[in-house]
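A.B. asks: Questions regarding the structure given below will be posed in turn.
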Amino acid sequence: MDSVGSIILYTIVSLTIVIFSVLAVTTRKILRAATYLLFTLFATAVVYFMLDYQFLGAVQIAVYAGGILVLFVFAILLTSHPGHSSEPLTSKRRALGLIASVLMLGVTGYSLLARCNFFNAAPEAANPDMQQIGTAILSTGDNGYLLPFEAISVLLLACIIGGIVVARKR
Amino acid sequence: MGITLPLLILAIPLFMFLLLGIAGVKMSHKLAGWLGCLGMGTTLVLAYTVALTYYFCPEFTAETGERIQTIVFNQTWLAFTQNLVISLGFLLDPISALMLIVITTISFLVHLYSLGYMEGEKGFQRYYAFLSLFSFSMLGLVVATNIFQMYIFWELVGASSYLLIGFYYTKHSAVAASKKAFIVTRFADLGFLIGILVLSYYSQTFDFLKLTTDSQWVLASTQGATFMGASVLTWALVLIFTGGMGKSAMMPLHIWLPDAMEGPTPVSALIHAATMVVAGVFLVARMFPVYLLEESATMIVAVVGAVTAFYAAMVACTQIDIKRVLAFSTISQIAFMMVSLGVASNGNGDVCHHGLGYMASMFHMFTHAMFKALLFLGAGALIHAVHSNDYTAMGGLSRYMPVTRWTFLIGCLAIAGIPPFSGFFSKDEILSAAYAWSPFMGVWMTIVAAMTAFYMFRLYFLIFRWDEPDYGHHTPHDPPLPMMIPLVFLAAVSCVAGFIPFGHFVTWNRMPYDIHLDPWIACSSVAVAICAICLAAYMYRTKNPLPEKMKNAMPVLWDWCHHRFYWDELYMFITHKIIFNGVCRPLAWFDRHIIDGTMDSFAAVTNKLSRVIAPLQSGQVQMYVFVYIIGALLLGGITVLCLI
Amino acid sequence: MELKAIYFLIPSLIMFCCGLFGFITRRNMIAMLISLELMLNAVDMNFVIFNRFLFPGQLEGMFFTLFAIAIAAAETALAIAIIINVFRASHNIDVRTLNEMKF
Amino acid sequence: MFENILIYFVVIPLVMLGLLALCRDIKQIRAVAVVGSLGLIALSVVTLVQYLGMRAAGVEDPMLFVDSWTWFAPLNIHLAVGVDGISIAMLLLSSIIVFAGSFASWTIKEPKAFFLWLILLSVGVFGFFISIDMFTMFMFYEVALIPMYLLIGVWGSGNKNYSAMKLTLMLMGGSAFLMMGLIGIYYHSAPEGGQLTWNLLEIVKNASIPHGWQSFLFPMTFVGFGVLGAMFPFHTWSPDGHASAPTAVSMLHAGVLMKLGGYGCFRVAIYTMPQAAHELSWIFLILTGISVVYGAFCACVKTDLKYINAYSSVSHCGLVLFAILMLNETAMTGAIMQMLSHGLMTALFFALIGMIYGRTHTREITQMGGMMQIMPYLSVCYVIAGMASLGLPGLSGFVAEMTIFVGSFQAGMTDYLAGHGSLRLVFTIIACCSIVITAVYILRVVGKLLFGPVHDEHHRTLTDATWWERLSTVTLIICVAAIGCFPNFFNNLINFTFKPAIFSVLGMN
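Chains as they are written, first to last, in this note's numbering: chain A, 7 to 176; chain B, 4 to 647; chain C, 8 to 110; chain D, 12 to 520.
So this is what it looks like as C-alpha cells:
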C-alpha cells in the first residue's frame, strides 16, 4: 500500500508526462516544443526518483535537462526566427502520424493490458548507493560495466571531435 | 573420247568470264572484244569437233544403229546422301551434241556481231564477260548428266540473263525488266525444284541416264502414290515442267520475255531467242522417257504449248515494237516445240508415229535458233541504223540496207514455213505429229502457223515499206562487217538447214529414222502460209485502210491483243497489290507493332513498375519510419494476437 | 492502492507515441530531434521500470539507461552540429527540401 | 595444358588483349588486330589439317583433341575442350570474320577500346566453339554477349542506346532460359548415384535424362539458344541491334554470334535430348518455318539497308534452326553449311553496307541510287553478296539451301508416307518458297541502290573502296565462292563426325 502522497505525486507526474509530450509534438512554435520537452524530461527524472534511482534521476536532470536542452535552445535560436511558427500540418501527414501512433498505442497498450501480467507492486529493494554504482561501472567481473563505460568514453570523444569538425567554419 | 576437249568446252568460257570480269576493267574495248571472240571461237571449234565426232564416229553407235549416250566425265560435286549425289559431268548424246552446235554457233556469231553493235558502249568488257558466263552456263546446262546439275546451270543462265537484260543498268526499264525476268523464272524454278525433290524422293537418283533408261521402274517406285487425285509422278513431272514453262516463257509465265527485250539486241538473239528460252523444251526432251510414262503430263505439255502458241501469235499481230513482235514470235515458236513434244506420246508409255514429235521438236529447235537469231540480229542491224525499236521510225530501208533486207526476208520466209527454207521442214514435221495425235491439234497448229506467216510479214512489210520517214542527213546504212558476217551466215544456214536428214541424228530412242514429208499436210500448210503472206502484203505493203478498219471493227479484241491480254497488269496487281501491300506490309507492321511491341511492352511495363516502386525509396526518413513502424506493428500485432 | 508497473508503463507508452507522431509529422529537423528525444526518453523510462519491478536487486536496466543518456547526449550534440552546418549551407532545415544529397 | 592446340583459340585473343592494352597508336592497334586474326586463321587451318589427318588415319571418336582441366571440383566444372567437324567449320568461320572485321573497322573512332571489346567478344566466341563442358560453354557464351552492349552503345549509330539495351536484354532473357535448361541437364546428367557432369560427351554417353525432364529442358535450351538464333517471335532484337551496330560488330554478330544459337541448339538441345527433340520438334518447326518466310516478307518492304539485311538474317537463320529440327542427316549437314554460308555472306553484306553508309551517311535505299556508276567495286561486291544470298549456284547460299531442302524433303516425305502427318512436308515447301521471296527483296535492293540513275548528285563525288576495304570484302567473297564451288569438302568435313551423332538421334525413332 503506497502512501497517498506518492499516489498524488504519481498522478501529477504522469499527467505532466502525457500533457507535455503531447504539447511538445503539437505546438507550432519550436522553442515552446523544447520547453515542453524540458518539462517532460523533468517529470521523467521524478519518476526515476520515485522508483528509488536517485543517481539516475540526477543524471537525467543534469545531462538531459541541463545539457541537451541547452543545446536545443541554442540550435533553435540559431536556426529560426523567434516567434516564427511552422506551417500547419497537412492532413495527410497528420493522418500518417496518427495512424502510426494510434496503432502503436493500440497494439502495445493492448498487449500490455490484456496479455502481460504487469500488475504487481514494486518489490522492496534498496536504493543502490553511489559506491555500488561506481564499483559496478569500473569493475570488470560479473555485473561489471567497464567495457561499455570505456566504449561510451571513446564515443563521447569521437562526438566531440566530430562536432568540432562538422560545425567548424571552413 | 578423252575428257580434255569436253572439259575445255566448259572451261574456256568460264575462264574468259573470270578473265574479262576481273581484269576486263584494265583492258581496252578492242582487246576485250577480240579475247571474247577468240575464246568463243575456240569453244566453237572444240564443240564442233566433239559433236561431229559424236555423230559420225562409229564408236558412238551401237550394233543396232542406236546412238550411245556417253558420260564423258562425271565428278561428284555434292553428295547429299548415298544415292542423291550432284555430279558435274558431261553427257554426250544426240540432243546435247545438237545443242553444243547451236549454242556455240549462235554464241560465237553474237560475240562477233557485238563487236560492231556494242562498239563504244560503256561496259563493253563487262558485256563480253557476261556473254562468256552465259555461254558457260548454257553449255553446262545442256551437257548435264543429272537433273540437279541442270538445275544448277539453269539458275546460272537465269542469273546471266538477268545481268545481260539489265546491261543498260542506268535505265529504269532495263532494271525492272531484268528483275522481272529473274523473279518470274525464279518462281518457275521453285516448281522445278519441288518437282526434282518429289521425283528424287521416289526414284532416289538425280541421274538422267538412270531415270531415262528403261524408265518404267520410276513409275513402279512411286508405288501408285497419289496426291489430290493425280499420281505423284504426274505432279513431279508437271512441277518440273513448270520450271520449263518459266524459262521457255509458256503461258502464264511468259510475261518476262517481251520485257527482256530491254537488253542489247544481240543478247536477245542469243539468250531470248536461240538458246536459253529453249531450255524448257530441252528439259522436257531430256526427261522425255519419263514423261512418256504419264499421259496427263504430256497432255499438259501439249495443251500449254498449244494455248501459248495461239496466244503469242495473236499478240504478235498487234505489236508495234519490232523486238516485241519477235519476242512474241519466239514464244509462239517455242510453244510449237512444246506441242511437238507433247504430241509425241500417246500416253501408254509408248510413242506415236515413231516419236516424230520429239524429232520435230528438236529439229525446230535447231532451225528456229538459226532463223530467229537471224531475225533478231537483223532487227539489231535495223535498230543500230535508225536508233529506234519502233517500226514507225522505219520504212524504205531496203534502199539503204539491202543486205539486211534480204537476210531478214530469208528469216521471215523460214519462220513462215515456205519451202525450201529450213522452217518449212521442221514446222511441217510438227504439224504432221500434231495431226497424228489429234486432227484438232493439227488444224489448230496450222492456224497458228498461218498467223505466224501473217505477223512476220506484217513486220517485214512495215519495216521495209515504201514511204520513209525523214532520216535527215543521217541516212541508215548496212551494218559494218562484223555484224554483216553473222547475218549472211545465218541466212545461208536458214536456206539449207532444212535438208539435213535430221532423223538420222536426233530421235527419241536415238535410232536413225527417215523423215517423210506428208504431201497433204505440207501442201496445206504452205498454201495457208502463202495466203497469210499475201494478206499481209495486201494490208501493209502499201498504204491500206484495212488494218484501221479491222481495228475499229473489233476494238475489244484489238485492245486485248495490243495489251497482251493484260497479263502484265494482272501480275502487277497480284504482286504489288496483293503480295506487297496485302502480305508484306501487314507483316512488317505486325512485326514492328505486335511482336516488337510485345517485347517493348515487357520493357515498358518493367519500366513503369520501377517508376511506381522507386518513389517509395524517397530518402524521406519520416516515410521510412512510418513504413517501418506499420510493418513492425503489424508483425507485432499478429504475434501478440496469435502467439501470446 | 499500489503503484503497479503498468501505471508507469502507460505514460511512457504515451510519451513514445507522441514522439513517434512528432517524428513522422514534423518538418523542422530540430523538432524531429525533439521527438526523437521523447521516444528515447520513453524507452529509458521503460528500462528503469522493468528493472525496478521485475529485477529489483540488479542494476542492468539502470546502467543501460545511464549509457543511453550519455549516447543521447552525444548524438544530440552531433546532430545539432550537422543541423547548424546544413542551415549554414542552405539556410533551411526543412527535411522536404533537403534532398540534394539524395542522388 | 598448353600442349592442346585448342586452348590457343582462347590464348591468342587473350594475348591480343594484353598487347592491345599496351598499344599507343592506331598503327600498333591495327598491327595487333591483323596479326592476331591472321594467327587465328592459321590456327584454325592447322587444326583443320590435323583433324583431317587424324580422321584419315581412322580415328573414330566423336570429338578429337579432347582434353579437360578441373576448374571447380565441387560442382564438377571443367574447362573441357574438344572439336569435331562442325566446331572446326565454325572456328574457321569465326577467325575469317574476325579478320575481315578488323579491316572493316580500320578507321573506327577510339580504336583501342573498340578492339579490346571486339577481341574480348571473340574470346567468348572461340571459347564457346571449343568447349564441350556446358558450364564453360555458357560462360563463354555470356562473355561473347556482354561486349555487344558496349560496342553498340558506344560505337553505334542511330537509336543506339535503345538497340543496345534491347539486344542485350533479350539475349540475356534467352540466357536465363538457357541457364535453367543447362542446370536441369546437369542434375540429370548421370544415372542414379553417379557423378553429375557438365561434359556433353559424357551426358550423351550416359543418356540418363528422364523423358519427362527432357520435355521440359529441351524447350528451355532450345528457346535459350533460339533467341540468339533469331527464332520467331524472339527475333526483334536483330533488326534494331544490327541497324545500330557499327560495321564490324554487325559482321561479327550476324556472322558468328547468331551461329552460336544454331550451334548451341544442335550441340546442347538436340544432342543431349534426342527423344524430346523428336517429340517437340513440331512446335519449333512451326516457329522456325514461320521465321523463314516471315523474315523474307518483312525484308521486302523495308527501306533501310541494315533492316533488310537483318530480316534476311532472320529468314536465313530460321532456315538453320528449321533444318536442325528435321533430325535428318542431310538437312542437318545443310544447316551447318547454311551457318557457314550465311555467316560469310551476311558479314559481307554488313561490311558493304557499312562502307556505303560511311560514304553516303544514309542507309535508306530511297535516298540512294546508281551506286554502280559511283562506286563500281563496292557495287559489284554487293551484287555478288546478293547473288549468294538468293542462292546462285557457285556461291555458298545455293549449296546450303539445296542440302537443307533435299534433306528436309526426304524427312518430310518419310514422315508423311509413314502417316506421321504432313507438317514437315508442308513447312519444307513453305521454306522452299523463301527462295523466290529472297530473290524479290535482294533484287529490289540491288535495283534501287545500285542500278538506275544516280539519285543524289552529291554522291557523285564519293570514292570507291580503299585497299583495306577491298581486302576485307575479297577475303569474304573468296570464302563464299570456295564453299559454293567445292561444297563436298565442307560436306564431308561436317558429315564425317556428324554421322554417329545423327544415328543416335535417329536410332530411337
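Backbone N, C-alpha and C fix where the C-beta goes; we use that ideal spot for every residue, glycine too.
The structure presented is a predicted model; accordingly, all values stated were derived computationally and were not measured.
Can you give me the C-alpha to C-alpha distance between I453(D) and K459(D), rounded to a whole angstrom?
C.D. replies: Position 442 of the fourth sequence, counted from the start, is the residue given in the question as residue 453(D). Position 448 of the fourth sequence, counted from the start, is the residue given in the question as residue 459(D). For the pair I453(D) and K459(D), the Cα-to-Cα distance works out to about 10 Å.
A.B. asks: Pull up the distance between the alpha-carbon of M356(D) and that of E66(B), whole angstroms please.
C.D. replies: Residue mapping note: residue 356(D) aligns to position 345 of the fourth sequence, counting from 1. Residue mapping note: residue 66(B) aligns to position 63 of the second sequence, counting from 1. Approximately 53 Å between the Cα atoms of the pair.
A.B. asks: For F76(B), collect the residues of the same chain with a Cβ closer than 8 Å to its Cβ; drop the 5 residues on either side in sequence, then sort them by chain order.
C.D. replies: The residue you call residue 76(B) lines up with position 73 of the second sequence. Answer for F76(B): I6, P9, L10, G92, F93, listed in chain order.
A.B. asks: Can you tell me whether DSSP reads G463(D) as helix, strand or coil?
C.D. replies: As a working mapping, residue 463(D) is identified with position 452 in the fourth sequence. G463(D): coil per DSSP, three-state reduction.
A.B. asks: Output, in chain order, the set of chain D residues within a Cβ distance shorter than 7 Å of M602(B).
C.D. replies: In the second sequence, the residue the question calls residue 602(B) occupies position 599. M181, T247, listed in chain order.
A.B. asks: Quick one: residues in its chain with C-beta nearer than 7 Å to the C-beta of T410(B), no 5 flanking neighbours on either side, listed in chain order?
C.D. replies: Taking the first residue of the second sequence as position 1, residue 410(B) is located at position 407. If we look at T410(B) and ignore the five residues flanking it on each side, its Cβ neighbours are L377, G381, L490, V491, A494.
A.B. asks: Please classify M519(D): does DSSP put it in a helix, a strand, or coil?
C.D. replies: As a working mapping, residue 519(D) is identified with position 508 in the fourth sequence. In this prediction, M519(D) has a pLDDT of 43, which is less than 50 and means its spatial position is unreliable; nothing more can be read from the coordinates.
A.B. asks: Decide if C60(B) is buried, meaning its Cβ has at least 16 other Cβ atoms within 10 Å, or exposed.
C.D. replies: For this step, residue 60(B) is matched to residue 57 along the second sequence. The residue is exposed, with fewer than 16 neighbouring Cβ atoms inside 10 Å.
A.B. asks: Q206(D): which of A187(D), L104(D), L338(D), I88(D) sits nearest, CA to CA?
C.D. replies: Position 195 of the fourth sequence, counted from the first residue, corresponds to residue 206(D). Checking every option, the nearest Cα to that of Q206(D) belongs to I88(D).
A.B. asks: Is R614(B) helix, strand or coil by DSSP?
C.D. replies: Walking along the second sequence from the start, residue 614(B) turns up at place 611. Reduced to three states, the DSSP call for R614(B) is helix.
A.B. asks: Quick check on this structure: which residue in V92(D), G50(D), F114(D) has the alpha carbon closest to the alpha carbon of W479(D)?
C.D. replies: As a first step, residue 479(D) must be located in the fourth sequence, where it is residue number 468. Looking at the Cα atoms, F114(D) is the closest of the given residues.
A.B. asks: Assign I633(B) to one of three DSSP states: helix, strand, or coil.
C.D. replies: Counted from its first residue, the second sequence places residue 633(B) at position 630. I633(B): helix per DSSP, three-state reduction.
A.B. asks: Looking at the strands, I want to know which residues DSSP matches up with S497(B).
C.D. replies: Mapped onto the second sequence, residue 497(B) falls at position 494. In DSSP, S497(B) forms no bridge with anything.
A.B. asks: Mind listing the chain A neighbours of V55(C)? Cutoff is C-beta to C-beta under 8 Å, in chain order.
C.D. replies: Your numbering for residue 55(C) matches position 48 in the third sequence. Under the 8 Å cutoff, chain A gives V53, Y54, L57, Y59, L62.
A.B. asks: Any beta-carbon of chain B closer than 8 Å to the one on L111(A)?
C.D. replies: Position 105 of the first sequence, counted from the first residue, corresponds to residue 111(A). At a cut-off of 8 Å between beta carbons, L111(A) makes no contact with chain B.
A.B. asks: Would you verify that the beta carbon of V28(A) is, or is not, closer than 8 Å to some beta carbon of chain C?
C.D. replies: Here residue 28(A) is taken as the residue at index 22 of the first sequence, counted from 1. So yes, V28(A) belongs to the interface.
A.B. asks: Within the continuous alpha helix (DSSP H) that includes L104(D), where are the two ends?
C.D. replies: In the fourth sequence, counting from the first residue as 1, residue 104(D) sits at position 93. For L104(D), the enclosing alpha helix (DSSP H) has its first and last residue at 96-115.
A.B. asks: Taking a contact to mean a Cβ-Cβ separation below 8 Å, would you say V417(D) touches P498(D) in this structure?
C.D. replies: Here residue 417(D) corresponds to residue number 406 of the fourth sequence, with the count starting at 1. Here residue 498(D) corresponds to residue number 487 of the fourth sequence, with the count starting at 1. At least 8 Å separates the beta-carbon of V417(D) from that of P498(D).
A.B. asks: What number of angstroms, rounded off, separates the C-alpha of P85(D) from the C-alpha of G184(D)?
C.D. replies: One-based indexing of the fourth sequence puts residue 85(D) at position 74. One-based indexing of the fourth sequence puts residue 184(D) at position 173. Approximately 27 Å between the Cα atoms of the pair.
A.B. asks: Buried or exposed: where does C534(B) fall if 16 or more other Cβ atoms within 10 Å of its Cβ makes it buried?
C.D. replies: Taking the second sequence and counting its residues from 1, one reaches residue 534(B) at position 531. Exposed, since its Cβ has fewer than 16 Cβ neighbours within 10 Å.
A.B. asks: Under the rule that 16 or more other beta-carbon atoms within 10 Å means buried, what is Q322(B), buried or exposed?
C.D. replies: Within the second sequence, the letter at position 319 stands for residue 322(B). Around the beta-carbon of Q322(B), 16 or more other beta-carbon atoms lie within 10 Å, marking it buried.
A.B. asks: I'd like to know whether the C-beta of R34(A) is nearer than 8 Å to at least one C-beta of chain B.
C.D. replies: Stepping through the first sequence from its first residue, residue 34(A) is reached at position 28. By this cut-off, R34(A) is not an interface position.
A.B. asks: Among I297(D), I376(D), I364(D), whose alpha-carbon lies nearest the alpha-carbon of I441(D)?
C.D. replies: Residue mapping note: residue 441(D) aligns to position 430 of the fourth sequence, counting from 1. Minimum Cα distance to I441(D) is reached at I297(D).
A.B. asks: In whole angstroms, give me the CA-to-CA distance for P94(A) and M46(C).
C.D. replies: The residue given as residue 94(A) occupies position 88 in the first sequence. The residue given as residue 46(C) occupies position 39 in the third sequence. So the alpha carbons of these two residues sit roughly 23 Å apart.
A.B. asks: For a quick check, are the C-beta atoms of F360(D) and N320(D) less than 8 Å apart?
C.D. replies: The count along the fourth sequence starts at 1 and reaches residue 360(D) at position 349. The count along the fourth sequence starts at 1 and reaches residue 320(D) at position 309. Taking 8 Å as the Cβ cut-off, F360(D) and N320(D) qualify as a contacting pair.
A.B. asks: What is the DSSP secondary structure of H289(D), reduced to helix, strand or coil?
C.D. replies: As a position in the fourth sequence, residue 289(D) is number 278, starting the count at 1. Three-state DSSP puts H289(D) in a helix.
A.B. asks: Considering just the uninterrupted stretch of the beta strand (DSSP E) at N92(C), what are its terminal residues?
C.D. replies: Looking up residue 92(C) in the third sequence gives position 85. Unbroken run through N92(C) is the alpha helix (DSSP H), 67-97; no beta strand (DSSP E).
A.B. asks: Would you identify the three-state DSSP class for E572(B), choosing helix, strand or coil?
C.D. replies: Start at 1 with the first residue of the second sequence, and residue 572(B) comes out as number 569. Under the three-state reduction of DSSP output, E572(B) falls in the helix class.
A.B. asks: Under DSSP, the beta strand (DSSP E) around W88(B) begins and ends at which residues?
C.D. replies: As a first step, residue 88(B) must be located in the second sequence, where it is residue number 85. Checking the sequence, you will find Val at residue 88(B) rather than Trp. Here the beta strand (DSSP E) through V88(B) covers 88-95.
A.B. asks: Please tell me whether R121(A) has its Cβ less than 8 Å away from any Cβ of chain B.
C.D. replies: Position 115 of the first sequence, counted from the start, is the residue given in the question as residue 121(A). Yes, contact with chain B.
A.B. asks: Taking the alpha-carbon positions, what's the L77(A) to A80(C) distance?
C.D. replies: As a first step, residue 77(A) is located in the first sequence; it is residue number 71 there, counting from the start. As a first step, residue 80(C) is located in the third sequence; it is residue number 73 there, counting from the start. L77(A) and A80(C): Cα-Cα distance of roughly 9 Å.
A.B. asks: Any beta-carbon of chain D closer than 8 Å to the one on H390(B)?
C.D. replies: Locating residue 390(B) in the second sequence gives position 387, where the first residue counts as 1. So no, H390(B) is outside the interface.
A.B. asks: Name the DSSP beta bridge partners of N149(B), please?
C.D. replies: Taking the first residue of the second sequence as position 1, residue 149(B) is located at position 146. D210(B).
A.B. asks: Helix, strand or coil for R278(D), going by three-state DSSP, please let me know.
C.D. replies: Here residue 278(D) is taken as the residue at index 267 of the fourth sequence, counted from 1. Correct three-state label for R278(D): helix.
A.B. asks: Comparing alpha-carbon positions, which option in K120(D), E121(D), G64(D), L54(D) lies nearest S102(D)?
C.D. replies: In the fourth sequence, counting from the first residue as 1, residue 102(D) sits at position 91. Reading off the sequence shown, one finds Leu at residue 102(D), where the question assumed Ser. Minimum Cα distance to L102(D) is reached at L54(D).
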